[in-house]
């Protein structure tokens, strides 16, 4: 584990937890879409940059699954007439994503794979924590709450997959 | 995400059908047994005829941490 890569992540985690107390439903919708889009973008970068087949497959899965979530979130927002509203948590997420992408673009080969996967581990853990501590308890609309509950197992599986991948990369 | 049930006991000759009740695609894959459902979108099904006795350990190829086992008795 390289401390150089850890720093922006470590700084980013408290930003999400502390950015706001209790977001509104339009803000939650924005956070959900932003969080998914960030992982889609990171996946696209990894898919084109990595030479490791397992990392590429994982990246493709992030693109597929998070796109599916956003499709559902978009459809629900439309159905409920909720207009996603930008907020401090979404801004903190974007800032963290930009830092991550900037960091990844400096890397190639194994160091790229390690940094991408490590960030995926931290990111999915962070999103799970946000789901449990902020998003589910704050969501007022029942369908929005149910969507987040429905998405949670995918995030947990991604976290497990990323950890498994990380352990494999460490052995090489 | 998981296979429910993760362990299934059937008799030789039984047909097993998996249904994807998730909103993301999954597969039923057991390379050792030549089982590959292909990517199953939400609501899609895959049926396998369990002919031989023994254990079939399978995964979702798309989410390899998802594992299941069919015990054919």
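Residue numbers (my numbering), protein chains in the order written: chain A, 4 to 175; chain B, 34 to 106. Every residue gets a Cβ at the ideal spot worked out from N, C-alpha and C, and that includes glycine.
CA-to-CA distance, residue 66 of chain A to residue 59 of chain A, given in whole angstroms: 11 Å
In chain order, each alpha helix (DSSP H) run of at least 4 residues that lies wholly inside the stretch 108 to 153 of chain A: 112 to 133
Proximal chain A residues relative to residue 97 of chain B, where beta-carbon distance stays under 8 Å: 164, 167
Within 8 Å, strictly: CB atoms of residue 84 of chain A and residue 63 of chain A: no
Contact the stretch 73 to 88 of chain A vs the stretch 35 to 51 of chain B: 3+ CB pairs below 8 Å: Output reads no: the stretch 35 to 51 of chain B does not touch the stretch 73 to 88 of chain A.
Reduced DSSP category for residue 61 of chain A - H, G, I as helix; E, B as strand; rest coil: helix
Cross-strand partners of residue 48 of chain B (DSSP beta bridge): B:82
Pairwise C-alpha distance: residue 93 of chain A and residue 160 of chain A: 23 Å
Beta-ladder partner(s) of residue 43 of chain B, from DSSP: Residue 43 of chain B is bridged to B:105.
CB contact flag (residue 62 of chain B, residue 94 of chain B, <8 Å): yes
DSSP state of residue 100 of chain B mapped onto helix, strand, coil: strand
Where the stretch 38 to 63 of chain B meets chain A: residues whose CB sits under 7 Å from a CB there: 56, 57, 58
Within chain B, the residues that residue 71 of chain A reaches when beta carbons sit closer than 7 Å: 56, 57
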